[in-house]
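As structure tokens, the structure follows; a few thoughts come after it.
Chains as they are written, first to last, in the numbering used here: chain A, 1 to 116; chain B, 1 to 114.
Here is the structure:
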């Protein structure tokens with residue numbers, strides 16, 4: 001079974017600084033997708049970034065980028081120029097492809113605090 | 001606002017009772033997913049429907065059932081409720097059946113079982 005592990009229950013960063021959130025996953029699949037979702041205090045789940053396993057190039061979305069290490073099964077999220085609005089719970093998620101249809105497997109989450 | 005609506009926002013009920021959670025997907029989305037978020041289990045996939053048919057099943061208890069109607073809205077029925085069923089229940093929708101694409105989450109229904 002696929003598992004997703006976020007080893008950092010909590011992280012903090014100063015405004016305008018850079019922070020990296022870690023995620024590792026376990027899978028025997030070759031075709032899969034990885035995601036980072038953000039859950040602010042409003043509880044709304046918001047997609048931050050998406051990475052296809054077959055792509056070697058790391059995904060970027062404005063201040064958000066990932067470091068995807070396929071062999072190490074590692075998928076970290078880097079937030080640059082952190083803003084107060086980045087404070088949230090961040091979830092790493094995995095999709096297996098094949099007959100998994102829409103099933104996403106989530107990590108336990110990392111609470112990010114941004115200090116002014 | 002994701003375009004996915006869920007009702008009710010909050011629900012408080014007693015053990016042994018039955019409740020129904022409702023979800024309306026984004027316009028045009030055929031897939032609906034249900035997730036449960038609790039403190040001890042984290043965020044877990046329950047079930048997926050695509051255009052009225054069940055497509056994938058996760059850690060959904062036998063006391064729970066779901067369906068998707070012809071107008072594509074979905075309902076999650078929880079029966080014989082236990083204290084451990086207290087959680088935030090999310091509905092999400094997407095245009096396609098594959099999880100490779102973004103799932104748009106609703107605001108959730110907070111269920112409290114007393």
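We put the CB at the ideal spot given by N, CA and C, even for glycine.
List the endpoints of the continuous beta strand (DSSP E) containing residue 4 (chain A). Start at 1 with the first residue of the first chain, and residue 4 (chain A) comes out as number 4. That run of the beta strand (DSSP E) goes 3-5.
Would a check of beta-carbon distances place residue 108 (chain A) closer than 9 Å to chain B? As a working note, residue 108 (chain A) is residue 108 in the first chain. Taking Cβ atoms only, chain B reaches closer than 9 Å to residue 108 (chain A), which makes this a yes.
Compute the beta-carbon to beta-carbon distance between residue 19 (chain B) and residue 11 (chain B), rounded to the nearest angstrom, for a pair I have assumed lies under 8 Å. Here residue 19 (chain B) refers to the residue found at position 19 when the second chain is read from its first residue. Here residue 11 (chain B) refers to the residue found at position 11 when the second chain is read from its first residue. At roughly 6 Å, the Cβ-Cβ gap stays under 8 Å, so residue 19 (chain B) and residue 11 (chain B) are in contact.
Within chain B, the residues that residue 57 (chain A) reaches when beta carbons sit closer than 9 Å: Locating residue 57 (chain A) in the first chain gives position 57, where the first residue counts as 1. Residues of chain B passing the Cβ test: none, with the nearest at roughly 17 Å.
Where the beta strand (DSSP E) through residue 67 (chain A) begins and ends: The residue you call residue 67 (chain A) lines up with position 67 of the first chain. Its beta strand (DSSP E) spans residues 64-69.
Report yes if the C-beta distance between residue 63 (chain B) and residue 81 (chain B) is below 9 Å; otherwise report no. As a working mapping, residue 63 (chain B) is identified with position 63 in the second chain. As a working mapping, residue 81 (chain B) is identified with position 81 in the second chain. Cβ atoms of residue 63 (chain B) and residue 81 (chain B): closer than 9 Å.
In terms of residue numbering, what span does the beta strand (DSSP E) encompassing residue 94 (chain A) cover? By 1-based counting over the first chain, the position of residue 94 (chain A) is 94. First-last of the beta strand (DSSP E) with residue 94 (chain A): 88-95.
For residue 68 (chain B), which residues of its own chain have a beta-carbon under 7 Å away from its beta-carbon, when the five flanking residues on both sides are left out? Here the question's residue 68 (chain B) lines up with position 68 in the second chain. So the list reads 32, 49, 52, 74, once near-sequence residues are dropped.
How would you label residue 16 (chain B), buried or exposed, when you count the other beta carbons within 10 angstroms and need 16 or more for buried? In the second chain, residue 16 (chain B) corresponds to position 16, counting from 1. That one is exposed.
Strand pairing of residue 77 (chain B), partner residues [DSSP]: One-based indexing of the second chain puts residue 77 (chain B) at position 77. BP columns for residue 77 (chain B) point to B:20, B:65.
Should residue 34 (chain A) and residue 13 (chain A) be called a contact, given that it needs their Cβ atoms to be closer than 9 Å? Taking the first chain and counting its residues from 1, the one referred to as residue 34 (chain A) is at position 34. Taking the first chain and counting its residues from 1, the one referred to as residue 13 (chain A) is at position 13. It is not a contact, given that the beta carbons lie outside the stated cut-off.
Cβ neighbours of residue 45 (chain A) in the same chain (closer than 6 Å, five flanking residues each side left out): Translated into positions along the first chain, residue 45 (chain A) becomes position 45. Around residue 45 (chain A): 37, 39.
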